[in-house]
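The letter at position 524 of the sequence shown is residue 523 when you use numbering that gives the first Met the number 0, and the numbering goes up by one with no holes. Only one structure is covered here, and it is reproduced in the block below.
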Amino acid sequence: MAKIKGENVPVIELNRTEVSKFVGRNVSIKELEDRVPMLGTEWEENQGDDFTVEVFPNRPDLLSLEGFSRALAGFIGEKTGPVKYKVEKSNMKVSVDANTKDVREFIACAAVKNIEMSDEFIKSIMQIQEKLHITHGRNRSKVAIGIHNLDTISFPLTYKAVKRDFSFVPLETAKKMTADEILTKTPKGTEYAHILESGKLVPMIIDSTGQVLSFPPIINSEHTKITPDTKNLFVEITGTNKTAVDQALNMVVTAFFERNATLVETTVGKETFPNLKYRKMNLSLKYINKMLGTTLDIKESARLLEKMRFEATVENPQTLSVGVPPYRTDVMHAIDLVEDIAIAFGIENFDPEIPNVQGIGQEKELEIFSRKLRQAIIGFGCQETITFILSNKELLFEKMNSPESKVVEIENPLTVDYCVCRNTLAPSLMDVLSRNKHNKYPQKIFEVADCMVPEQNGGRTTRKCTVLIAESKADFSCIKSVAESIFHLFRLEAKLEKTSNPTFINGRAVNILLNGKTIGVMGEVHPEVLENFEIEMPVALIEFDAEELLPAGKQGNS
Numbered sequence: 000m001a002k003i004k005g006e007n008v009p010v011i012e013l014n015r016t017e018v019s020k021f022v023g024r025n026v027s028i029k030e031l032e033d034r035v036p037m038l039g040t041e042w043e044e045n046q047g048d049d050f051t052v053e054v055f056p057n058r059p060d061l062l063s064l065e066g067f068s069r070a071l072a073g074f075i076g077e078k079t080g081p082v083k084y085k086v087e088k089s090n091m092k093v094s095v096d097a098n099t100k101d102v103r104e105f106i107a108c109a110a111v112k113n114i115e116m117s118d119e120f121i122k123s124i125m126q127i128q129e130k131l132h133i134t135h136g137r138n139r140s141k142v143a144i145g146i147h148n149l150d151t152i153s154f155p156l157t158y159k160a161v162k163r164d165f166s167f168v169p170l171e172t173a174k175k176m177t178a179d180e181i182l183t184k185t186p187k188g189t190e191y192a193h194i195l196e197s198g199k200l201v202p203m204i205i206d207s208t209g210q211v212l213s214f215p216p217i218i219n220s221e222h223t224k225i226t227p228d229t230k231n232l233f234v235e236i237t238g239t240n241k242t243a244v245d246q247a248l249n250m251v252v253t254a255f256f257e258r259n260a261t262l263v264e265t266t267v268g269k270e271t272f273p274n275l276k277y278r279k280m281n282l283s284l285k286y287i288n289k290m291l292g293t294t295l296d297i298k299e300s301a302r303l304l305e306k307m308r309f310e311a312t313v314e315n316p317q318t319l320s321v322g323v324p325p326y327r328t329d330v331m332h333a334i335d336l337v338e339d340i341a342i343a344f345g346i347e348n349f350d351p352e353i354p355n356v357q358g359i360g361q362e363k364e365l366e367i368f369s370r371k372l373r374q375a376i377i378g379f380g381c382q383e384t385i386t387f388i389l390s391n392k393e394l395l396f397e398k399m400n401s402p403e404s405k406v407v408e409i410e411n412p413l414t415v416d417y418c419v420c421r422n423t424l425a426p427s428l429m430d431v432l433s434r435n436k437h438n439k440y441p442q443k444i445f446e447v448a449d450c451m452v453p454e455q456n457g458g459r460t461t462r463k464c465t466v467l468i469a470e471s472k473a474d475f476s477c478i479k480s481v482a483e484s485i486f487h488l489f490r491l492e493a494k495l496e497k498t499s500n501p502t503f504i505n506g507r508a509v510n511i512l513l514n515g516k517t518i519g520v521m522g523e524v525h526p527e528v529l530e531n532f533e534i535e536m537p538v539a540l541i542e543f544d545a546e547e548l549l550p551a552g553k554q555g556n557s
């Protein structure tokens with residue numbers, strides 16, 4: 000299914016050969032394309048051995064080559080069960096001044112030794128930092144990651160707040176700059192200055208000789224710059240939430256551990272990091288089978304958890320003791336464990352069914368019909384998309400060359416991109432085409448979903464169906480054949496009536512009439528609309544009210 004991408008749904012770039020090394024056997028592109036979506040991620044595309052994967056926000060541990068490969072190795076049965084982490088003792092210490100509470104309170108640190116600084120490893124470091132900053136770190140405001148050359152650092156370190164005229168040599172510069180100058184004159188400073196906009200003090204990590212390691216969450220020091228000859232690293236995580244900081248450290252160092260690096264502890268205040276102990280939870284077999292509708296036994300349940308890299312011990316015939324890996328930030332309740340059992344069992348192996356419960360409720364006629372309609376359009380060679388019901392007026396009207404009409408507006412929208420409820424599906428699908436110009440043609444997509452119609456006391460939903468065809472030969476005839484197939488399949492006779500609509504080429508658009516009522520429109524999309532969406536291929540579309548097609552005139556309220 001196609002999805003609209005957002006900055007909180009990152010896409011990571013991976014290489015099949017590198018993934019195969021970590022998995023422990025050769026994994027083909029075909030196998031990856033088949034298994035990756037079943038792991039709970041989204042396959043994007045591949046170019047040769049390079050491929051991209053969309054990782055959803057609940058699994059930040061998959062945002063690195065190492066973390067993704069660790070999960071995949073378990074899922075396909077190559078390396079199951081928990082990873083046994085070893086952490087060496089050390090005398091490295093970091094003291095934390097009380098004044099950091101006013102600027103950026105929490106910090107966690109660890110050392111990583113015996114690293115082979117290859118191009119692949121450098122790329123992996125950059126990727127995990129970038130992706131964790133965007134997602135888990137809320138663009139560095141909640142969590143920021145600093146990675147340094149350990150061999151340039153003199154312990155003990157001090158984490159403290161300093162005045163804004165404090166100076167040091169920031170990364171990739173040759174002269175000292177004050178904190179204020181960094182915030183106003185450097186690219187990273189201006190990008191993230193808003194995080195530290197209040198207060199007279201800013202956070203700083205300094206070693207025993209007075210050398211600065213980092214000005215979090217802005218920039219590292221040139222003094223601790225990583226080079227191709229670097230063998231040992233120091234990782235520091237700062238932030239405004241202790242749990243998020245600790246979790247980020249665990250995700251970073253466990254990724255390094257997958258590269259056979261040696262993890263070394265660091266004492267920060269009264270705590271020692273990293274804490275890589277598995278968190279214990281109890282899980283009932285009865286609960287598992289109730290939630291999934293299965294008849295799994297206790298040993299099979301344990302085996303499935305081990306495929307997801309959990310530690311699973313049979314306490315008794317009805318209870319499992321589950322060890323949750325230190326990098327799994329998403330596991331908070333027993334249902335999260337059950338979800339992973341379902342993934343390991345194989346989502347494709349479940350047969351969907353309506354629960355057998357007593358009551359007068361039943362599936363809506365509209366939902367039954369919509370499902371049949373989707374199956375029919377898929378049979379015509381189209382791919383289903385799922386887009387957001389929230390949209391904006393620019394997308395709905397300006398880009399479609401359509402006159403503005405009344406829509407249901409959000410009273411307190413969080414973003415201008417999602418400030419109204421859509422009254423049509425076509426703009427959302429045009430946006431999907433715009434975001435998939437890099438994929439091969441023809442592209443035939445559709446959606447059967449709800450839109451909002453304004454009413455006096457708010458609005459009501461109505462079910463619409465839209466089909467778009469994008470290819471060099473997309474014209475009125477090809478979309479008309481889709482329409483005729485749909486109406487013939489449901490034994491309905493529709494009439495076509497010429498119309499003038501600015502979204503379509505003049506003379507190449509018609510209204511669709513059923514029983515004398517206009518229920519939709521279809522035609523060839525106007526070149527100006529294509530230009531608005533930066534689409535270079537002809538597009539033909541049809542959109543109609545699906546509710547008007549319900550058999551025997553049965554109308555359902557969505």
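Even for Gly, the Cβ is constructed at its ideal location relative to N, Cα and C.
- Query: Thinking C-beta only, is Ala-545 closer than 8 Å to Arg-462?
  - Reply: Walking along the sequence shown from the start, residue 462 turns up at place 463. Walking along the sequence shown from the start, residue 545 turns up at place 546. Yes, Cβ-Cβ distance for Arg-462 and Ala-545 is below 8 Å.
- Message: Can you check which of these residues, Arg-373, Gly-378, Leu-365 and Arg-421, is closest to Lys-392 by C-alpha distance?
- Response: The sequence position of residue 392 within the sequence shown is 393, counting from 1. Answer by Cα proximity: Arg-421.
- Query: Which of the three DSSP states, helix, strand or coil, is assigned to Gln-455?
  - Reply: On the sequence shown, residue 455 is found 456 positions in, with the first residue counted as 1. If DSSP states are grouped into helix, strand and coil, Gln-455 belongs with coil.
- Exposure label - Ala-301; buried when at least 16 CB within 10 Å: For this step, residue 301 is matched to residue 302 along the sequence shown. With 16 or more Cβ atoms within 10 Å of its Cβ, Ala-301 is classed as buried.
- Please determine, among Phe-349, Asp-49, Pro-216 and Thr-185, the residue with the shortest C-alpha to C-alpha distance to Ile-133. As a first step, residue 133 must be located in the sequence shown, where it is residue number 134. Residue Pro-216 is the option with its Cα nearest to Ile-133.
- Query: Which residues in the same chain have their Cβ closer than 8 Å to the Cβ of Ile-3, if we skip the five residues on either side of it in sequence?
  - Reply: Here residue 3 refers to the residue found at position 4 of the sequence shown. Any answer about Ile-3 is weak, because its pLDDT of 34 lies below 50 and its placement is not dependable; what the coordinates show is given next. Same-chain partners within the cutoff: Thr-386, Phe-387, Ser-427, Asp-430, Val-431 and Arg-434.
- May I have a chain-ordered list of the beta strand (DSSP E) segments no shorter than 3 residues that lie completely inside the region 27 to 52? Counting only runs of 3 or more, we get 41 to 46.
- Just checking, does the region 64 to 74 make contact with the region 236 to 255 on the three C-beta pairs under 8 Å criterion? yes
- Please determine, among Glu-30, Gly-80 and Ala-70, the residue with the shortest C-alpha to C-alpha distance to Glu-310. Reading the sequence shown from its first residue, position 311 is the one you call residue 310. Among Glu-30, Gly-80 and Ala-70, the Cα nearest to that of Glu-310 belongs to Gly-80.
- Between Thr-378 and Glu-347, what straight-line distance do the alpha-carbon atoms span, to the nearest angstrom? Here residue 378 is taken as the residue at index 379 of the sequence shown, counted from 1. Here residue 347 is taken as the residue at index 348 of the sequence shown, counted from 1. Reading the sequence as shown, one finds Gly at residue 378 and not Thr. Spanning the two alpha carbons is a distance of roughly 20 Å.
- Task: Report yes if the C-beta distance between Met-451 and Thr-460 is below 8 Å; otherwise report no.
- Result: Here the question's residue 451 lines up with position 452 in the sequence shown. Here the question's residue 460 lines up with position 461 in the sequence shown. Against a cut-off of 8 Å, the Cβ pair of Thr-460 and Met-451 comes out as a contact.
- Item | Residues that Ile-468 bridges to, as DSSP identifies them | Here residue 468 refers to the residue found at position 469 of the sequence shown. Assignment of beta-bridge partners to Ile-468 by DSSP yields Lys-443 and Ala-539.
- Task: Return yes when the Cβ of Leu-200 is within less than 8 Å of the Cβ of Ala-160, no when it is not.
- Result: Here residue 160 refers to the residue found at position 161 when the sequence shown is read from its first residue. Here residue 200 refers to the residue found at position 201 when the sequence shown is read from its first residue. For Ala-160 and Leu-200, yes; Cβs fall inside 8 Å.
- Message: Could you tell me the alpha carbon to alpha carbon distance between Ala-1 and Gln-357, rounded to whole angstroms?
- Response: Sequence index remark: in the sequence shown, residue 1 carries index 2 (1-based). Sequence index remark: in the sequence shown, residue 357 carries index 358 (1-based). At Ala-1 the pLDDT is 31, less than 50, meaning the model places this residue with poor confidence; the figure from the coordinates comes in the next sentence. Computed Cα separation, rounded: 37 Å.
- Message: Quick check on Asn-219: buried or exposed, where buried means 16 or more other Cβ atoms within 10 Å of its Cβ?
- Response: Sequence index remark: in the sequence shown, residue 219 carries index 220 (1-based). It counts as buried.
- Item | Residue nearest to Ile-342 in terms of C-alpha spacing, selected from Ser-19, Met-37, Asn-274 and Glu-41 | One-based indexing of the sequence shown puts residue 342 at position 343. Among Ser-19, Met-37, Asn-274 and Glu-41, the Cα nearest to that of Ile-342 is on Met-37.
- If you draw a straight line from the C-alpha of Pro-227 to the C-alpha of Gly-522, how long is it? If you number the sequence shown from 1, residue 227 lands on position 228. If you number the sequence shown from 1, residue 522 lands on position 523. Rounded to the nearest angstrom, the gap between the Cα atoms of Pro-227 and Gly-522 is 58 Å.
- Query: Excluding the five sequence neighbours on either side, which residues of its own chain have a C-beta within less than 7 Å of the C-beta of Lys-175, listed in chain order?
  - Reply: Position 176 of the sequence shown, counted from the first residue, corresponds to residue 175. Correct list, in chain order: Ser-166, Phe-167 and Val-168.
- Query: In chain order, what residues of the same chain lie with their CB nearer than 8 Å to the CB of Gln-126, ignoring the 5 residues before and after it?
  - Reply: The sequence position of residue 126 within the sequence shown is 127, counting from 1. Counting only Cβ-Cβ distances below 8 Å, and skipping sequence neighbours, we find Ile-11, Glu-12, Leu-62, Ser-63 and Leu-64.
- Task: Report the three-state DSSP secondary structure of Ser-117 (helix, strand or coil).
- Result: Within the sequence shown, residue 117 is the residue found at index 118, counting from 1. Coil at Ser-117, not helix or strand.
- Query: When you compare each of Pro-501, Ser-283 and Gly-23 to Pro-402 by their alpha carbons, which one comes out closest?
  - Reply: Taking the first residue of the sequence shown as 1, we reach residue 402 at position 403. Checked all of Pro-501, Ser-283 and Gly-23; the closest Cα to Pro-402 is Pro-501.
- Is DSSP giving Ile-75 helix, strand or coil here? Taking the first residue of the sequence shown as 1, we reach residue 75 at position 76. Coil, per DSSP.
- Going by the beta-carbon positions, is the gap between Ile-541 and Gly-519 smaller than 8 Å? If you number the sequence shown from 1, residue 541 lands on position 542. If you number the sequence shown from 1, residue 519 lands on position 520. Note that the C-beta distance between Ile-541 and Gly-519 is below 8 Å.
- When DSSP labels each residue in this structure, what does Tyr-286 get in the three-state scheme? In the sequence shown, the residue the question calls residue 286 occupies position 287. If DSSP states are grouped into helix, strand and coil, Tyr-286 belongs with the helices.
- CA-to-CA distance, Arg-34 to Pro-537, given in whole angstroms: Stepping through the sequence shown from its first residue, residue 537 is reached at position 538. Stepping through the sequence shown from its first residue, residue 34 is reached at position 35. Cα-Cα distance, rounded: 34 Å.
- Item | Those residues which DSSP pairs with Glu-383 across a bridge | For the purposes of this step, residue 383 is identified with residue 384 of the sequence shown, where counting begins at 1. Partner(s): Phe-445.
- Query: So what does DSSP say about Phe-475, is it helix, strand or coil?
  - Reply: Counting from one through the sequence shown, the residue named residue 475 turns up at place 476. In the structure shown, Phe-475 sits in a helix (DSSP, three-state: H, G or I).
- Host beta strand (DSSP E) of Arg-507 (start-end): Here residue 507 refers to the residue found at position 508 when the sequence shown is read from its first residue. That run of the beta strand (DSSP E) goes 503 to 513.
- In terms of alpha-carbon separation, which member of Ile-353, Glu-483, Leu-262 and Asp-350 lies closest to Leu-232? Here residue 232 is taken as the residue at index 233 of the sequence shown, counted from 1. Relative to the Cα of Leu-232, the nearest Cα in the group Ile-353, Glu-483, Leu-262 and Asp-350 belongs to Leu-262.
- Message: Give me, in chain order, the residues of the same chain whose beta-carbon lies closer than 6 Å to that of Asn-45; leave out the 5 immediate sequence neighbours on both sides.
- Response: The residue given as residue 45 occupies position 46 in the sequence shown. Sequence-distant partners of Asn-45 (beyond 5 residues in either direction) whose C-beta falls short of 6 Å from its own C-beta, in its chain, are Ile-28.
- Query: Relative to the C-alpha of Met-280, which residue among Gln-246, Gly-506 and Ile-334 is closest?
  - Reply: Counted from its first residue, the sequence shown places residue 280 at position 281. Cα-wise, what sits closest to Met-280 is Ile-334.
- Quick one: what does DSSP say Pro-186 is sitting in, helix, strand or coil? Taking the sequence shown and counting its residues from 1, one reaches residue 186 at position 187. Here Pro-186 sits in helix by DSSP.
- Under three-state DSSP, which class holds Val-407? Stepping through the sequence shown from its first residue, residue 407 is reached at position 408. In this structure, Val-407 counts as coil in the three-state DSSP scheme.
- Using DSSP with H/G/I as helix, E/B as strand and the rest coil, what is Glu-546? Locating residue 546 in the sequence shown gives position 547, where the first residue counts as 1. Three-state DSSP puts Glu-546 in a helix.
- Among Ile-353, Val-419, His-525 and Glu-446, the one whose alpha carbon lies nearest that of Ala-568: No answer is possible for residue 568: the residues shown for the chain start at 0 and end at 557.
- Task: Work out the CA separation of Ala-173 and Met-116 for me, nearest whole Å.
- Result: Position 117 of the sequence shown, counted from the start, is the residue given in the question as residue 116. Position 174 of the sequence shown, counted from the start, is the residue given in the question as residue 173. So the alpha carbons of these two residues sit roughly 24 Å apart.
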